[in-house]
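Protein chains in written order, with numbering that gives the first Met the number 0: chain A, 0 to 102; chain B, 0 to 633; chain C, 0 to 165. Glycine included, C-beta positions come from ideal geometry on N, C-alpha and C.
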Amino acid sequence: MSMVVPLSHVIGLSLILFFIGLTGIFTRRDAITVFLAVEILLNAANIAFIGFAQSLESEFGHVAAFTVICIAAAEAAIGLSIVIRLKADHRTLKLKDLNELRG
Amino acid sequence: MEPTLFWMVVLPFLGSMVLGVAKLINWRSCERFAGPIACAFIFLSFFCALRVAYIHLEDPHGPPTTVDLGIWIDSANMSLKATLLLDALSSILVLIVTGIGFLIHIYSLGYMAHDEGRLRYFSYLNLFCGFMLVLLTASSLPFLFVGWEGVGLCSYLLIGFWYGDRENAKAGRKAFVVNRIGDAGFIMAMVLAFRLFGTLEFSEIASHPALVLLARSNVLEILAILLFMGCVGKSAQFPLYIWLPDAMAGPTPVSALIHAATMVTAGVYLLARMHFLFYLTPLAQECVAVVGAFTAIFGATIAVAQHDIKRVLAFSTVSQLGYMVLAMGVGAYSAGIFHLVTHAYFKALLFLAAGSVIHALQGEQNILKMGGLKTYLIASSILFLCGFFAIIGFPPFSGWFSKDLILFSVIATSPPIFFWIGLVTAILTTIYMTRLFYLVFLGIPKIDQRKLRDIHESPTVMLFPMAVLAILSILGGIRWFSFQSVLNEVLPGQIAHVQGADHGWFTEGRVTLIVTLTVLLTATITLRTYVSWTKQLEVMRQWSARLLGFLENEYQFNRGVVNGARRFSHIAAMCSQMMDTFVIDKFVNSVSKQIQGIGKWVARFQTGAPQTYVMMILIGFLVMGWILLEGVPK
Amino acid sequence: MEAIIFYIFSGFAVLFSLMVILLKNPVTSALSLVASFFCVSGIFFLLHASFLGVIQILIYAGAIVVLFLYVLMLLNIKKEDLIENKMERRLGYGGKALVLVLVLFAFQVIDLPTSSTMQVRESFGTVASFGQELLGPFAIVFELVSLVLLAAILGVVALISRKEKG
């Protein structure tokens, strides 16, 4: 089977998605939506892994992407429990109110 | 390696340490045996001194005895040896120190019998003798300086012996500090000497070729004057004499040993040791003579107006030291040392006799409250009389020989003014000594009744040393006793070619006659005045009250110096405090403020919002990427 | 032919991602994310990573985002404004500017082949092949990942469960 598109295009897509995710992090103001942006980031990384795996004809990229997905799952679980805890203790999810580490 | 010499120097130190250890291990009867132990050690030292000095007195030009103690300092460009050296000059002085030291130790057995700090006293006294011997047997300037400083230390310890009274401690401190000023000169002299000659051994300097090349040059003059500064401090010349009268706060035997016979003569010894230097520096030598002459008359004028028995003797010491320094200044080195020896005899005797009086009167030192003691203290008064005749220069006592020799040397080599100063000083000496003798031993008793009850003559242990010293004072001038022949051999004192030569009208015989007659006349007149012409005396006293007051206060010199020193230290303290507040504190505070400011600036990055942190991570990543990739490729 | 599909999928992925970050309603954002994941999965299939494409749908879209939606609904999160005050506006602009810089930077740096003539074997990316890779040389990774998941479970329990007061 042959490659569908040149590698540079795949990586280009990965980059674009990555930067969209970054922008999301800077822009969004509450905890959950920031998390969603982080998921976009991870997804973009996965695309890059797959692209390189195809290019180098090595399954390692797939394994890496798989690991990323698993870790993302674990991270989402814990992150969301933190969010629940935050809501329970501080009654707000707005990041600007959650600045006890200030200074 | 001559062991006797080594032991002679080390034994007093051992004695001091033994007593110290005894106190440390709390040996029960150490107080009781302290005195005899110390006496034993110093006697052994005297014995060694006799053995080893004998050789040099027999043959003054023979090779010196040396003990090599090894290398003291070994650095890149300086290697100092520590060697003990005994030649004819130091032999004489070593015998004086150990001999008179031994006598005074015996005297102290009686004088300090009831004092609680006996052990400490004897320990210090032995230590002093040890250091003095180091000073005398040193073969180089720095090693001499070790002894120099050591005796200064012991002087401080012993002056302030009864430190419970603040005044005594202050006197000790004053002695040390004033001495230090002289020491500064000594140290600078050592530095200069090393620079010029590359060595500090006496023998090597004396035979150094550069010495002759530098003769009469300014550099050498400065060196000589710096050395003399050390002498001025140690031997209580003007203006660094102020510590000596205050030093009378110490026990009387201390005054006898340290401030009459030994330590104060260290300066004179130094001049004799370095006589070859002063030969080549006429300007410095003149300086020495002037200072000596001035000190002699200065001390004598003040002594006339004192009413504390020990202070009279203290100023007398200052004056007699002036005589010695004057002799050194005119080149009569052997005469100066001769007077040093005789002065040691009679001044120690006078101090011990004064101690006898003080002991008998349970601490009274004011001569206006004494009188007629000859009936109670027969032995002391006779012995005092021996010292009296010696000091005024009554023939044939020892003092007559030495003082006469000095005055003759002075007239033979210097402008007449020096001789007249010397003569006037002799007159004044006679006056104050006669006054002292009269007011203490003769005349109508004015003693306090309570003290009169317990009056007693001193015990034998105190009288014996005085008797020995009295004998020496009487016989010390006679040829066999006086070391004079030895001195003339080793110390060229321009006397050799002066004696017998014709110097105008003033031959030796004539000078002797003038001096002796003057002294006798003065003594008689003074005595007569006190005995019979009391009315005239009263008139004279009223007439010169103000003058006497001025003299009594040492021309206000002492007070002036003390006040000046106080003001100076006050200013120094103020400057120091201002510097501390305005400069140092300011600097330190500003540093801390800067750091606080930086801290505040950094804290601004801690917003508590995770997005900021993400941004910062990104920026860091960018920077790292830039650095690692070394700019943008393509 | 397949290239065009790739480009269509990638275009939609980008579009949906933008919707995730630009929309106000969190629920709508989450749903857009699901859509984006679907597109990406399609891309994976096109890149001969069949197993991972399936995994992407199953776990990422099917579990993780669903979890998000559960929490959203549990906490009853409502609509809200995106930017409120000056400070946040500045932050937003700054972020976007930075991102732009990064984009340009990235495109400068990347130097990759622009041809597509490479061939891969038939069995590339299949389950069997992937399984052999994962459980062969990278077995340790597999074990470690399971440990991480265990830790996550424990963490969740620790964070959520709390003794009732009183």
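Sorting Leu-474(B), Val-518(B) and Gln-361(B) by C-alpha distance to the C-alpha of Gln-448(B) places Gln-361(B) at the top. DSSP, read as helix, strand or coil, puts Trp-71(B) in strand. For Leu-627(B), the nearest beta carbon of chain C is not closer than 8 angstroms to its own beta carbon. Nearest in C-alpha terms to Tyr-322(B), of all of Arg-310(B), His-306(B), Gly-392(B) and Gln-364(B), is Gly-392(B). Taking 9 angstroms as the Cβ-Cβ cut-off, the region 73-93 of chain A approaches chain C at Ala-73, Glu-74, Ala-75, Ala-76, Ile-77, Leu-79, Ser-80, Ile-81, Val-82, Ile-83, Arg-84, Lys-86, Ala-87, Leu-92 and Lys-93, given in chain order.
By the beta-carbon neighbour count (other beta carbons within 10 angstroms, threshold 16), Phe-387(B) is buried. Judged by DSSP in its simplified three-state form, Ser-139(B) adopts strand. Contact between Ile-103(B) and Pro-244(B) is absent: CB atoms are separated by about 20 angstroms, not below the 8 angstroms threshold. Taking 8 angstroms as the cut-off, the Cβ atoms of Val-26(C) and Leu-73(C) do not count as close.
Sequence-distant partners of Gly-159(B) (beyond 5 residues in either direction) whose C-beta falls short of 6 angstroms from its own C-beta, in its chain, are Asn-167, Ala-168 and Gly-171. Secondary structure of Leu-360(B) (DSSP, three-state): coil. Against chain C, a Cβ distance below 8 angstroms from Ala-36(A) picks out Val-19 and Ile-20. Taking 8 angstroms as the cut-off, the Cβ atoms of Lys-80(B) and Ile-95(B) do not count as close. Against Gln-610(B), the close residues of chain A are Ile-24, Phe-25, Val-33 and Leu-94, in the order they occur along the chain (beta-carbon pairs closer than 8 angstroms).
Within chain C, no residue has its CB atom less than 7 angstroms from the CB of Met-615(B), the nearest being about 11 angstroms off.
One thing to note: Ala-347(B) has its Cβ no nearer than 8 angstroms to the Cβ of Ser-379(B). With the rule of 3 Cβ pairs closer than 8 angstroms, the region 97-106 of chain C counts as touching the region 5-19 of chain A.
The Cβ atoms of Ile-366(B) and Leu-474(B) lie no closer than 8 angstroms to each other. Its Cα nearest to that of Ala-331(B), the residue Ser-408(B) stands out among Ser-408(B), Met-623(B), Phe-314(B) and Glu-629(B). At a cut-off of 8 angstroms between beta carbons, Gly-124(C) contacts chain A.
Per DSSP, reduced to three states, the secondary structure at Thr-528(B) is helical. The distance from the Cβ of Val-126(C) to that of Phe-15(C) is about 28 angstroms, inconsistent with a contact at the 8 angstroms cut-off. Taking a Cβ-Cβ cut-off of 9 angstroms, Leu-40(A) has no neighbours in chain C, whose nearest Cβ is about 10 angstroms from it.
Distances from the CA of Ile-180(B) to each of Ala-564(B), Lys-592(B), Phe-12(B) and Met-369(B) were compared; the closest alpha carbon is that of Ala-564(B). Inclusion of Pro-141(B) and Met-189(B) in the CB contact set at 8 angstroms is warranted, their separation being smaller than that value. Leu-97(C) belongs to the set of residues whose beta carbon lies under 8 angstroms from a beta carbon in chain B.
Below 8 angstroms, too few C-beta pairs join the region 5-22 of chain B and the region 65-85 of chain A to call them touching: fewer than three. DSSP, reduced to helix, strand and coil, places Val-329(B) outside both helices and strands of the structure shown, so it counts as coil.
For Leu-279(B) and Thr-412(B), the gap between their C-alpha atoms comes out near 16 angstroms. Under the 8 angstroms criterion on CB atoms, Ala-71(A) is classed as interfacial with respect to chain C. Boundaries of the beta strand (DSSP E) around Thr-82(B): 78-85.
Not a single CB atom of chain A sits nearer than 8 angstroms to the CB of Gly-61(C). By a beta-carbon distance limit of 8 angstroms, Thr-65(B) contacts Thr-82(B). Their separation comes to about 6 angstroms. Considered as a whole, the region 158-213 of chain B harbours no complete run of any beta strand (DSSP E) with no fewer than 3 residues. Three or more beta-carbon pairs drawn from the region 120-138 of chain C and the region 51-68 of chain A are found closer than 8 angstroms, and the two stretches are therefore classed as touching. A straight line joining the alpha-carbon of Ala-36(A) with that of Leu-21(C) spans about 11 angstroms.
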